[in-house]
């Protein structure tokens with residue numbers, strides 16, 4: 001039977017057939033929608049990967065320039081400022097905040113850099129000499145960090161989108177390869193069961209009809225026989241009143257009628 | 001799916017694991033932050049040839065999982081190379097992990113964990 005395959009455990013009734021048909025329709029609509037969502041996300045995803053590629057290259061260049069400006073500082077100050085800088089770092093001037101962007105129902109966070117005014121940990125760096133270079137270097141690095149922040153947003157979006165696309169695709173595939181065939185199977189099963197029931201019902205009706213016909217035929221025969229018998233009696237009575245001479249002939253008549 | 005906004009609402013700092021020059025430069029840009037006195041946690045780690053991998057891993061762990069106020073973690077590529085297995089297995093969205101070039105080690109896109117994922121996805 002077609003119900004032998006993978007199907008849901010339902011009773012084969014017309015009601016559940018209707019339910020299954022609704023479910024199949026819903027699954028198909030959902031599949032279409034999810035497929036479209038997945039396509040929209042993938043489009044976005046490709047765009048982001050392309051931009052990541054560009055940004056990474058840009059980052060390489062920017063960091064090179066920044067490193068060079070730091071070398072200038074080392075040269076101008078005439079010594080290593082690393083230790084001094086590390087020790088005087090207290091509170092971040094350059095910070096990031098996150099904002100959200102909505103792509104087909106997925107929230108993609110993006111970083112946005114901002115500088116808090118008013119605190120400067122490195123006021124004394126390069127005080128003796130090379131102050132200008134230090135200033136320039138700070139600006140260069142600030143620009144570099146901005147590029148890095150931009151890249152980080154892209155990368156975060158990439159990671160999240162990657163995950164979401166996987167989930168969406170898994171859903172699309174689940175609907176396409178599991179839910180829809182299963183529902184179709186169930187519908188087929190219910191249909192075949194209903195047909196079977198129909199055939200049984202038909203056969204039963206036929207049987208009942210046959211029996212009824214037989215019964216009515218028998219009843220008719222009985223009635224006719226009774227009527228005949230009644231007539232016979234009357235005839236007999238008549239015959240008796242008129243005279244018993246014709247009994248034999250009547251009997252013969254009756255035989256002919258039956 | 002989409003991370004709840006609480007997961008990144010107060011992530012406002014950048015963290016660095018890098019060689020001395022990279023860290024100095026980034027600190028000059030103003031990303032350095034030291035938390036309030038009791039624990040005095042810095043958001044940067046200077047790595048040189050004497051730093052062992054365990055220390056790097058510990059800092060990586062601290063910046064990525066323990067601290068909840070770091071939005072972006074910058075790490076020099078040649079240092080990422082030393083703890084490559086950790087970097088590659090790191091897939092969380094926050095904090096964003098970014099491999100940056102250093103002065104002595106030019107940037108190599110082939111080694112970047114994210115770019116490798118990009119390449120794998122597009123079957124190149």
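Protein chains in written order, with the UniProt record's numbering: chain A, 1 to 258; chain B, 1 to 124. Virtual Cβ for every residue (Gly too), placed ideally from N, Cα, C. Just so it is clear, the structure is predicted and the values come from calculations on it, not from any experiment.
- In the displayed model, residue 224/A falls within a helix according to three-state DSSP.
- For the set 96/B, 36/B, 85/B, the Cα lying nearest the Cα of residue 111/B is the one of 85/B.
- Chain-order list of chain A residues neighbouring residue 50/B: empty, with the shortest C-beta distance near 15 Å, by a criterion of under 7 Å.
- For the region 67-91 of chain B, the set of residues with a beta-carbon nearer than 8 Å to any beta-carbon of chain A comprises 71, 72, 74, 91, in chain order.
- Listed by position along chain A, the residues whose Cβ is nearer than 8 Å to that of residue 100/B are 59, 63, 148.
- Closer than 7 Å at the C-beta level to chain B, one finds these residues of the region 79-98 of chain A: 81, 82, 85, 86, 89, 90, 91, 92, 93, 94, 95, 96, 97, 98.
- Under a criterion of Cβ atoms nearer than 7 Å, the residues of chain B adjacent to residue 111/A are, in order, 71, 72.
- Between the region 5-18 of chain A and the region 181-195 of chain A there are three or more C-beta pairs closer than 8 Å, enough to call the two in contact.
- Our two residues, residue 120/B and residue 191/A, have alpha carbons roughly 47 Å apart in a direct line.
- By the Cβ rule, the region 90-108 of chain B counts as touching the region 21-31 of chain B, because three or more pairs are nearer than 8 Å.
- Within chain B, not a single residue places a beta-carbon under 9 Å from that of residue 187/A; the smallest gap is close to 32 Å.
- Rounded to the nearest angstrom, the gap between the Cα atoms of residue 33/A and residue 87/B is 36 Å.
- Counting along the chain, residue 71/B sits inside the beta strand (DSSP E) bounded by residues 70-76.
- Contact note: residue 26/B reaches chain A through 141, 145, using a C-beta cutoff of 7 Å and chain order.
- The C-alpha of residue 60/B lies about 14 Å from the C-alpha of residue 78/B.
- Looking at 94/B, 17/B, 106/B, the one whose alpha-carbon comes closest to that of residue 55/B is 17/B.
- Residue state for residue 90/A is assigned as coil, using DSSP reduced to three classes.
- Measuring C-alpha to C-alpha distances from residue 68/A to each of 189/A, 138/A, 217/A, 43/A identifies 138/A as the nearest.
- The C-beta distance from residue 144/A to residue 62/A rounds to 5 Å, short enough to fall under 8 Å.
- Here the region 37-47 of chain A lies against the region 100-110 of chain A, with 3 or more beta-carbon pairs under 8 Å apart.
- Going by C-alpha positions, residue 228/A is about 21 Å away from residue 214/A.
- Residues are counted here when their Cβ sits less than 8 Å from a Cβ of chain B; for the region 157-177 of chain A these are 158, 159, 160, 162, 163, 164, 167, given in chain order.
- Rounded to the nearest angstrom, the Cβ distance from residue 33/B to residue 40/B is 11 Å, too far for a contact under 8 Å.
- Interface with chain B (9 Å Cβ-Cβ cutoff): residue 56/A is included.
- Among the residues of chain A, those whose CB is under 7 Å from the CB of residue 31/B are 92, 94, 145, following chain order.
- In the structure shown, the three-state DSSP call for residue 181/A is helix.
- Under the 9 Å criterion on CB atoms, residue 70/A is classed as interfacial with respect to chain B.
- The beta-carbon distance between residue 93/B and residue 159/A, rounded to whole angstroms, is 5 Å. This is short enough to meet the 8 Å contact definition.
- In the structure shown, the three-state DSSP call for residue 95/A is strand.
- Here residue 75/B has 16, 17, 18, 60, 87, 97, 98, 99, 100 as same chain residues with Cβ atoms under 8 Å from its own Cβ, once five neighbours each way along the sequence are excluded.
- Around the Cβ of residue 152/A, a 10 Å sphere holds 16 or more other Cβ atoms; the residue is buried.
- Where residue 69/A is concerned, the enclosing alpha helix (DSSP H) starts and stops at 14-77.
- Residue 45/B is bridged by DSSP to 17/B.
- A distance below 9 Å separates the beta carbons of residue 74/A and residue 81/A.
- In this chain, residue 63/B is not harboured by any beta strand (DSSP E), its DSSP state being neither H nor E.
- Exposure of residue 22/A is indicated by the presence of fewer than 16 other C-beta atoms within 10 angstroms of its C-beta.
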